[in-house]
Each structure stands twice: as structure tokens, then as C-alpha cells.
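S.K.: Chains A and B, in that order, give the protein sequences.
So in the numbering used here, spot 25 of the first sequence is number 76, and the numbers just go up one at a time.
So in the numbering used here, spot 71 of the second sequence is number 103, and the numbers just go up one at a time.
No residue lacks a Cβ here, since even glycine has one placed at the ideal position from N, Cα and C.
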Amino acid sequence: AQSVTQLGSHVSVSEGALVLLRCNYSSSVPPYLFWYVQYPNQGLQLLLKYTSAATLVKGINGFEAEFKKSETSFHLTKPSAHMSDAAEYFCAVSSPLVYQLIWGAGTKLIIKP
Amino acid sequence: KAGVTQTPRYLIKTRGQQVTLSCSPISGHRSVSWYQQTPGQGLQFLFEYFSETQRNKGNFPGRFSGRQFSNSRSEMNVSTLELGDSALYLCASSRGTESTGELFFGEGSRLTVL
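1. Do the region 49–63 of chain B and the region 82–89 of chain A make contact, defined as three or more Cβ pairs closer than 8 Å?
2. Are there 16 or more other CB atoms within 10 angstroms of the CB of His133(A), so buried, or fewer, so exposed?
3. Taking Cβ to Cβ, would you say Ser63(B) is nearer than 8 Å to Phe77(B)?
4. Would you please verify whether the beta carbon of Thr132(B) is less than 8 Å from any beta carbon of chain A?
5. For Gln151(A), decide whether its Cβ has a neighbour in chain B, counting only Cβ atoms nearer than 8 Å.
6. Put Asn88(B) into one of helix, strand or coil per three-state DSSP.
7. Between the region 90–105 of chain B and chain A, which residues of the former have a C-beta closer than 7 Å to a C-beta of the latter?
8. With H, G and I counted as helix, E and B as strand and the rest as coil, what does DSSP make of Ser78(A)?
9. Using the Cα positions of Lys100(A) and Arg41(B), report the straight-line distance between them to the nearest angstrom.
10. Measuring only the C-alpha atoms, how far is Val70(A) from Gly116(B)?
11. For Arg73(A), which option in Pro91(A), Phe125(A), Thr102(A), Lys129(A) has the closest C-alpha, if you only look at C-alpha atoms?
12. In three-state terms, what does DSSP make of Gly74(B)?
13. In three-state DSSP terms, what is Ser131(A)?
14. Buried or exposed: Val144(A), going by 16 or more other Cβ atoms within 10 Å of its Cβ?
15. For Tyr76(A), does the count of other Cβ atoms within 10 angstroms reach 16, so buried, or fall short, so exposed?
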């Protein structure tokens, strides 16, 4: 069975500081991994995804994530936080021939001025 | 192209009533998934429909049901509402033919049960 663990329900960083949101997964088959973002009062939208090509994946709004098989991790980073990055971030996993995502609990990113 | 549309955006019901929520997917998308989002439980998968057939189902009681029409529009129904059903219900559409396919979400229907 697949599962996703996001460390920290809330992460607070100062504007301009590094953003690091942690995601660890469990999967018995090669996974597909996703990060989605939800801004207040909106639905989710895809930030980036890993589908077994390059292990370093670049997404929208300056975010990137690195797939590390040995650590079963897919952490999301951004070099410099902006106030507009304040949102909830969800990590998710699926696998070949599976059409359902397994979601993490989400991490609320708070940006301090 | 138009995004995923959910109606109504907000609704208030009382315990014991039933509710029907609607989702119009992006044109050409054949898969519609439904999620319940609450502060305590996070994002919970309800079910997924593909070409009018339920393909995946989450762990919710039978009071929660759905269907998909031939034009891919979907509805979900919750009968005998309970206070705990208060939540944001999100619908997401995709082509449904790729495991790596992007889900496109609507803005949700916020249900309050009094």
C-alpha cells in the first residue's frame, strides 16, 4: 500500500528565506509524486510532478522538488519565500496503472513579513 | 478553456436533510473525482468516476453517493446529513487515462450542516 507523510502541519518562514516542505512516501512500486498548492478559498492546483524522468523537478512559481529514492523523500523547496506563497501544500503519490492519488495531510506555509 | 465548475458554492442545510452537489469538468475530461476537505481530517477521497462508471471509491458510508452523466458532468449526493458532514467538497477532473495526469480542481462547494 502507498502512503504519504508530510512533516509539520504548519511551517513558518520569513519573507526572503528558504522554503522547505517535507514529504516522505511509502510505495512498493516506482512512484509518481506530486505537489499541489491550495490558496485560500480556492481549489488545488498542480505545482510540479515526478514521473521517473529527471530526479530534480522544477515547477511553477520558482518551486522545485528532488526525488530521493534512498530516502523515500520528495521535499519541496523555494530559495526565497514571497508573501504570495502563503498557502497550503499537499504532497501526493500514485503509481503506474493507478488512477487515484494518495494524499498527505497538507502543510500550511506561513510567511512572516 | 473553461475550468472545473462546481455548484452551488455555498449552502446551508439542517441535520437529516439531503444535498446534491454538481461538478462540470473541463471539456474532454472523462474522469471526475470528489474529495471532502475538513480542518480535522484534511483531504479525504470520496470516489472517482470515469466514463460513467465508478472506478475508485474511498472509505465513506453509503450516505455518500455519486454518478456521472454521458457528458462527463457529475453529481454527488449526501443523504441524512450529519453535523460532521460540514466540509468543503472538491471536485477534480482529468483525462483519466494516465496515472501521471494532472487533476484540475474546482473551487469547491462549502456545505454547512446545522
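M.R.: Let me lay it out:
1. With fewer than three CB-CB distances shorter than 8 Å, the region 49–63 of chain B does not count as touching the region 82–89 of chain A.
2. exposed
3. The answer is no: Cβ separation not under 8 Å.
4. Output row for Thr132(B): interface = yes.
5. yes
6. strand
7. none
8. coil
9. 29 Å
10. Going by C-alpha positions, Val70(A) is about 34 Å away from Gly116(B).
11. Phe125(A)
12. strand
13. coil
14. Label assigned to Val144(A): buried.
15. buried
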